[in-house]
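Residue numbers (this note's numbering): 105 to 357. Cβ atoms here follow ideal geometry from the backbone N, Cα and C, with glycine treated the same way. Everything below concerns the one structure shown next.
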Amino acid sequence: MKNYKAIIFDLFGTLVHFDETRLPLLTFQGQQIHCTTVPLFEIASKMQNGYSVEFFHQSLKEVSSRLRLEKKTSLNEISCLTRMEILLNELNFPKQEQTNQLARLMKNVHMGWLKKAVFLPDDHFALLEKLKPSFQLGLLSNFDDAPTGYRILDSLGINGFFHSTLFSDEAGWIKPDPRLFEMILKRMGLQPHEALFVGDTPEADIMGPKQIGMDAVWINSGSFSFPGGDYTPDFQVAHLAELEAIVTNLSTH
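Right, here's the structure in full:
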């Protein structure tokens with residue numbers, strides 16, 4: 105029988121989800137896209153114009169894609185603020201304090217919209233309420249702006265459930281870097297075998313914890329196919345609500 109002392113959750117795609125329809129609309133190459141491009145373009149074009157919203161969107165896409173690949177290769181986090189600074193540099197904004205202030209404003213606007221698009225399913229809140237009396241609960245998330253991460257938790261009313269919370273933006277690395285898992289376990293005073301990790305992304309949320317000897321639950325919503333390899337989940341569910349049955353079954357056998 106396995107007696108876990110703690111359950112550590114991934115955040116996005118696991119505990120909370122995005123409703124992209126809450127984001128502003130952009131018409132790009134004949135398609136309607138929900139994204140933050142329009143409000144960011146409106147801010148940037150007040151300081152320096154001469155380019156279209158389509159060009160701005162394409163530039164933002166290319167910078168974001170390049171940095172995403174760089175992060176996946178290096179496992180080093182790159183903050184949202186840095187992404188905005190790189191974007192403005194590539195759009196030939198002058199290197200001056202006013203541009204730095206613009207990057208900070210764009211980051212805040214972008215994150216403000218993302219916060220509006222996040223929602224917490226009712227049964228996920230109920231699950232946290234059920235688990236809290238029996239387990240230490242932790243949160244470990246790949247997110248490139250920690251202050252917004254905490255604001256999201258506060259706005260959803262779930263910050264108080266967690267004994268410890270760690271965003272990649274605070275640590276400087278992204279999952280599956282094992283140092284992130286070691287860091288939150290240390291904060292919680294736990295050994296790897298004492299905690300169960302729960303997440304939806306195979307590489308980040310399964311390979312990461314399994315590397316250091318943690319058990320892991322994969323939420324297989326159909327968005328990802330499991331790549332196989334040396335690290336496989338100990339448990340697999342289609343919905344987070346099924347986690348309660350897993351931990352209840354383990355504690356009674």
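In terms of residues, what are the limits of the beta strand (DSSP E) holding F271? S268 to F271
Which residues does DSSP pair with I323 in a beta bridge? V341
Taking the straight line between their C-alpha atoms, what separation do you get for Q136 and N353? 46 Å
Tell me whether A299 is buried or exposed, calling it buried when 16 or more other Cβ atoms sit within 10 Å of its Cβ. buried
With 16 as the cutoff for other CB atoms within 10 Å, does K150 come out buried or exposed? exposed
Would you mind working out which of N204, I182, L284 and T141 sits nearest D114, comparing C-alpha positions? L284
From E166 to P237, what distance separates their C-alpha atoms? 46 Å
With a threshold of 8 Å on Cβ separation, who are the neighbours of K219 within its own chain once the five nearest residues in sequence on each side are excluded? T252, R255, I256 and S259
Out of A308, H297, D304 and E348, point me to the one whose CA is closest to K106's CA. H297
If we require 4 or more residues per run, which alpha helix (DSSP H) segments fall completely within the stretch 180-252? 184-194, 201-221 and 226-235
In the DSSP assignment, the alpha helix (DSSP H) including H161 goes from what residue to what residue? V157 to S178
Going by the DSSP bridge assignment, what does H297 pair with across the sheet? According to DSSP, H297 bridges with nothing at all.
Note down, in chain order, each residue of its chain lying with its Cβ closer than 6 Å to the Cβ of W217, except the 5 sequence neighbours on either side. L127 and T140
Would you mind working out which of P337, I111, V142 and Q202 sits nearest L164, comparing C-alpha positions? V142
Reduced DSSP secondary structure (H/G/I, E/B, other) of T141: helix
Within the continuous alpha helix (DSSP H) that includes I288, where are the two ends? P282 to M292
Between the C-alpha atoms of S156 and A148, what's the straight-line distance to the nearest angstrom? 11 Å
Please confirm if the stretch 313-333 is in contact with the stretch 120-134, defined as three or more CB-CB distances below 8 Å between the two stretches. no
Assigned secondary structure, F265 (DSSP; H/G/I helix, E/B strand, else coil): helix
Cross-strand partners of G303 (DSSP beta bridge): W322
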